[in-house]
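Q: Protein sequence lines correspond, in order, to chains L and G.
My numbering applies: residue 14 is where the first sequence begins, and numbers increase by one.
My numbering applies: residue 3 is where the second sequence begins, and numbers increase by one.
For each residue, glycine too, the CB sits at the ideal point set by N, CA and C.
Once you've had a glance at the structure underneath, I'll fire off some questions.
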Amino acid sequence: AQTVTQSQPEMSVQEAETVTLSCTYDTSESNYYLFWYKQPPSRQMILVIRQEAYKQQNATENRFSVNFQKAAKSFSLKISDSQLGDTAMYFCAFMENTGNQFYFGTGTSLTVIP
Amino acid sequence: EAQVTQNPRYLITVTGKKLTVTCSQNMNHEYMSWYRQDPGLGLRQIYYSMNVEVTDKGDVPEGYKVSRKEKRNFPLILESPSPNQTSLYFCASSFLRGGEQFFGPGTRLTVL
C-alpha cells in the first residue's frame, strides 16, 4: 500500500513568519500527483496546492509554495507571511497516475499565534 | 453554484440499523469518492468510482457499500452499522483522476 507520512502532528508559528510543513511519500511510480489540503475548524476541506510529479518546477499559490524533491520523495509546504486564518489542519495527499486510489497523511495541526 | 452536497450532516443511530448517506455533485465530475476521517489517522478512502456503474474498494471498505447509478450521485450505505464506524465522513468529486477533488461539508456519524 502506498503511504504518506507527515511527521509533525502539531506546529505553531508567529503571525507574519514563515513555516514549513513536511511530507514524505512512498511509491515506485515515476508519475503521480501530490496535494496539500487545508481543513480549518469549519471542517471544510480546501485545496491549497497541487503538483504533478513530471513537472520539475515547484508549484506556488500566493503565499503557499512547495519544495518538491522527487528523488527524496519529499513534498513540503511553505507558508509565508502566516496569517491567523492559516490556523488549520493540513493534509498531504498522493495519487498515482496509473492508479485510482487517493492517499492522505495523518495531518499537521498548525496554529498561527498573534 | 458548483458544489458537493451530503445529507444528513449529522446522524446518531444505533447498532444494526441500516442507513444511507447521500452525496451529489453538480459539476459533471467523473471521479467520486468516500473518505472517513478519524483522529490521528487522517482521511482514509472507503470506496471510489471512476464513472457510472464503476466502483472499487479503497483502503477501508469493510462494512460499507456504494452505488453509482447516475453520474451525479454516489450514496454510501451502511447495512449494519457498528460503533467502530463512528466517524466523520466526506464525499468528494473531481473532473479527472488526479485533478483537484472538491469535498462535501462532511457527515458526522455516531453509532451507539
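Output yes or no for whether 8 Å exceeds the beta carbon distance between G/L45 and L/F104.
A: yes
Q: Excluding sequence positions up to five away, which residues of its chain have a Cβ less than 8 Å from the Cβ of G/P77?
A: The beta carbon of G/P77 is closer than 8 Å to those of T22, V23, T24, C25, V68, S69 in its chain, skipping five residues each way along the sequence.
Q: Quick one, which of G/E72, G/Q39, G/Q27 has its alpha-carbon nearest G/Q1's?
A: This structure cannot settle anything about residue 1 of chain G, because the visible part of chain G is limited to 3 through 114.
Q: Spatial neighbours of G/K73 within its chain, please: C-beta separation below 6 Å, excluding the five flanking residues on both sides.
A: V54
Q: For chain G, find out if any of its Cβ atoms is closer than 8 Å to the Cβ of L/N71; answer yes or no.
A: no
Q: For the putative contact between L/Y38 and L/T16, defined by C-beta atoms under 8 Å, what is the C-beta separation to the nearest angstrom?
A: 7 Å
Q: May I ask you to list, following chain order, the residues of the stretch 102-125 of chain L that have a beta carbon less than 7 Å from some beta carbon of chain G?
A: F104, M108, N110, N113, Q114, F115, F117, G118, T119, G120
Q: Please name the residue, chosen from G/T15, G/S89, G/Q39, G/E102, that lies closest to G/Q5 on a Cα-to-Cα basis.
A: G/E102
Q: Does the count of Cβ pairs from the stretch 115-123 of chain L and the stretch 89-103 of chain L closer than 8 Å reach three?
A: Segments in contact, yes.
Q: Pop quiz: L/Q114 and G/Y37 are said to be a contact at Cβ under 8 Å. What is the actual Cβ separation, rounded to whole angstroms?
A: About 11 Å separates the two Cβ atoms, so there is no contact after all.
Q: Counting along the chain, where does the beta strand (DSSP E) carrying G/V113 start and finish?
A: 109-113
Q: Could you name the residues of the same chain whose beta carbon sits closer than 6 Å to that of L/F48, not counting the 5 residues immediately before and after it, in chain order?
A: R63, A106
Q: Can you have a look at G/L98 and say buried or exposed, based on whether 16 or more other CB atoms are within 10 angstroms of its CB?
A: exposed
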